[in-house]
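With my numbering, the residue at position 172 of the sequence shown is 422, and numbering never jumps. Contents: one structure, followed by commentary.
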Amino acid sequence: MDEILGLDYSRDLKMKTSRAERLYAGAGVGVQSSYTTLLRTLTSLNPQGRFIDLGSGYGRVGLVVGLLYPEVRFTGYEYVSHRVEASCASAERAGVAGHVEFLTQDLSDPNFRIPEAESYYLYDPFTQETYRTVFSRLKEIGREQKITVITKDAAIGWFSAAIAGESGWLEPDFHDEGMIAFFRSVPG
């Protein structure tokens, strides 16, 4: 599938990082959400409206959402600009660029506000500081409207801890043998 979409992870092999952000330099395909996991997750979720990927990497989530759900407006935010360039090129190649976009963004920037959406996806791409910033905004949005936060791997524990003791969130719904969790808000 990566070959069909033209996803090329080789630029990560030469990447030098000067930030504390967890960018997985040199990791390439090894840290992408698998297509099997994405298909299982999206089938369980049945996304509608707006879908945002926080730390979108090379864009697999957006490309799959775009191909399966043309009525969904997808935005992927990624810190590494060459990954955004590759994602945008793949979206064009797949014919989904009309409703799938990828943007370069430092999510820890205090001047950036994560937009409102119905669904948010995050794997495990951040430092603790960035997690705090991102989760604070997601909790704020969740108090105002019903949202689903889809987390994978270590992000499950991070988000569970962030909402521990807070009202307005249902118990997580686990999928893909516990590797994915859906956290749904219940606005007051």
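Just so you know, even glycine gets a beta-carbon here, dropped at the ideal spot from N, CA and C.
{"query": "In the DSSP output, what is Ser-431 paired with across the bridge?", "result": "Note on identity: in this sequence residue 431 is Ala, with Ser being the wrong assignment. Its beta-bridge partners are Thr-401, Phe-424."}
{"query": "List the endpoints of the continuous alpha helix (DSSP H) containing Tyr-371.", "result": "Careful: Tyr-371 lies outside any alpha helix (DSSP H), inside the beta strand (DSSP E) at 369 to 372."}
{"query": "If you run the structure through DSSP and keep just helix, strand and coil, what is Glu-390?", "result": "helix"}
{"query": "Is it true that the region 282 to 301 meets the region 309 to 328, where meeting means three or more beta-carbon pairs spaced less than 8 Å apart?", "result": "yes"}
{"query": "Once DSSP output is grouped into helix, strand and coil, what is the label at Pro-320?", "result": "coil"}
{"query": "Note down, in chain order, each residue of its chain lying with its Cβ closer than 8 Å to the Cβ of His-425, except the 5 sequence neighbours on either side.", "result": "Arg-290, Thr-291, Ser-294, Ala-431, Phe-432"}
{"query": "Quick one: using the 10 Å Cβ neighbour count with 16 as the cut-off for buried, is Pro-365 buried or exposed?", "result": "exposed"}
{"query": "How is Tyr-285 classed by DSSP in three states: helix, strand or coil?", "result": "helix"}
{"query": "So, under 8 Å CB-CB, Leu-255 and Arg-333 are touching, yes? Tell me the CB distance rounded to an integer number of Å.", "result": "Contact flag wrong, Cβ pair sits at about 14 Å."}
{"query": "Could you compute how far the alpha carbon of Ser-337 sits from the alpha carbon of Ala-347?", "result": "10 Å"}
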